[in-house]
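Mapped onto this note's numbering, the consecutive letters of the sequence shown carry residue numbers 111 to 552.
No residue lacks a Cβ here, since even glycine has one placed at the ideal position from N, Cα and C.
Report on the following structure.
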Amino acid sequence: MSYHNPYTPPRKSATFDDHTLAEIRRAAATGIYDIRGAGTKRKVPHFDDLLFLGASISRYPLEGYRERCDTTVVLGSRFAKKPITLKTPITIAGMSFGALSGNAKEALGRGATLAGTSTTTGDGGMTDEERGHSQTLVYQYLPSRYGMNPRDLRRADAIEVVVGQGAKPGGGGMLLGQKISDRVANMRNLPKGIDQRSACRHPDWTGPDDLEIKIMELREITDWEKPIYVKVGGARPYYDTALAVKAGADVVVLDGMQGGTAATQDVFIENVGMPTLACIRPAVQALQDLGMHRKVQLIISGGIRSGADVAKALALGADAVAIGTAALVALGDNDPKWEEEYQKLGTTAGAYDDWHEGKDPAGITTQDPELASRLDPIAAGRRLANYLKVMTLEAQTIARACGKNHLHNLEPEDLCALTMEAAAMAQIPLAGTNWYPGKGGF
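Okay, here's the thing in structure tokens:
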């Protein structure tokens, strides 16, 4: 005879939680895997697990209203004739026209220009609006080669060779047919309305030696003027950074698994790659071992949200950061004012990641003319510029508190870790000790 204890509520499995059960039922009913955008949703060690050690007696703080804290960064000074100088080390990551509306791309260019930083084309080519409103524009050179042509390579201020992305290192993205409008189809040389999948690797090279040849080709096409970035997903950051440097990169862009993506398999996003926090120190170590730290610049992306995140990434050894998802939110994505329409799509503001379906009520991740018209690129650009300004001021505030007159003067010893995991990944001492996992003694 069984007995139910009325004082104990039913207990659900931690392994088979509600989301897992729902996904099993969905897969059983449809026979297809789930596709979504955005980076990982699982909780991983992140910048929140680090704290700064402000100045007191042993360190002398800077007076915020009297003493300067510089934020400028020069990218591409290794080989390029025309390296780029940015007023802030916060850049806009590559997000394509196709994944985003034309108004959204224009707004990103406007906002970046107002803030004195760069934006990036993404997969799908360069639009005239984007080029026209971007003072500094980085052209992404991807495996798909969509829209790639020598004219646009020369019109860009820098070129980013994309080998991998944080949410899908080793995998390609997807653009569903409903987002392939006449203009998108023409730019990408694709049939209108047909699903496409971006390639996961470049068609004309198979290894680092070939990458060196490709970088040389790009330099010759652009008369050695443009900085050449190499972007990799966070998987083997030490070796990938070292090989990118040896292939001739001016800048390495390293994207952790919190980094967003237009769309790919959910199982990929949640189970491939490494947290951003775990990627930085191995990459910096590779640059130091090659004697190239600060000579080849390191840009970190994947889950950057605030000036504190920026300051922590720079303290760990990065030269700059890139933001994607946060930039879209600043433009107006996932705004609660569209909650009623998000609910009609079966989601809610703050959880919407079905960007690939092209039904974004905010008019940002869509090619629907009616929806896209909801986004005013001028107003959205100003919001983005405001957000970038606040992040920069926050990073300056922290740097001054640590006694630093430039964001790049922040260093690992300005930090401590709250958890064993963060201490091990960042190689930062656990708070109250001089030890982290892997370091001898305590």
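Assuming D314 is part of the alpha helix (DSSP H), what are its boundary residues?
Looking at the DSSP string, D314 is not in any alpha helix (DSSP H), and its letter there is neither H nor E.
Three-way DSSP call (helix, strand, coil) for K454 in this model
If DSSP states are grouped into helix, strand and coil, K454 belongs with the helices.
Per DSSP, cross-strand counterpart(s) of G204:
In the DSSP output, where bridge partners are listed per residue, G204 has T230.
Should the segment 155-165 be called in touch with the segment 520-538, which here means at least 3 C-beta pairs below 8 Å?
Flag = yes, the segment 155-165 and the segment 520-538 touch.
Keeping to the same chain, check which residues put their C-beta closer than 8 Å to that of K122; ignore five residues upstream and five downstream.
The beta carbon of K122 sits closer than 8 Å to those of D128, all from its chain and outside the five residues before and after it, given in chain order.
Between the CA atoms of G468 and D360 - distance to the nearest angstrom:
In a straight line, the C-alpha of D360 is about 36 Å away from that of G468.
In the DSSP assignment, find the unbroken beta strand (DSSP E) run with E561 in it and report its ends.
Given a span of 111 to 552 for the chain in the structure shown, any question on residue 561 remains unanswerable.
Option nearest Y462 by Cα separation, candidates I145, A295, K215 and T195
It is I145.
So, for F552: in the same chain, excluding its five sequence neighbours on each side, which residues have a beta-carbon less than 6 Å away from its beta-carbon?
At F552, the pLDDT of 43 sits below 50, so the modelled position is not reliable; the number obtained from the coordinates is stated separately. The answer, listed in chain order, is W545.
Taking DSSP's pairing of strands, which residues face A527 in a bridge?
Per DSSP, L160 and L540.
Between A354 and V340, which are expected to be in contact by the criterion C-beta below 8 Å, what is the C-beta distance as a whole number of angstroms?
Yes, A354 and V340 are in contact; Cβ-Cβ is about 4 Å, under 8 Å.
Kindly indicate which three-state DSSP category V154 falls into: helix, strand or coil?
Three-state result, V154: coil.
Quick check: G232 and Q245, are their CB atoms within less than 8 Å of each other?
In this structure, G232 lies away from Q245, with their beta-carbon atoms at least 8 Å apart.
For I142 and G303, the rounded distance between their alpha carbons:
Between G303 and I142, the C-alpha separation is close to 20 Å.
Pairwise C-alpha distance: L131 and T230:
Cα to Cα, the separation comes out at about 39 Å.
D365 by DSSP, collapsed to three states: which one?
Three-state DSSP puts D365 in a strand.
Here's the rule: buried if 16 or more other CB atoms are within 10 angstroms of the residue's CB, otherwise exposed. What is R135?
By the C-beta density criterion, R135 is exposed, having fewer than 16 other C-beta atoms within 10 angstroms.
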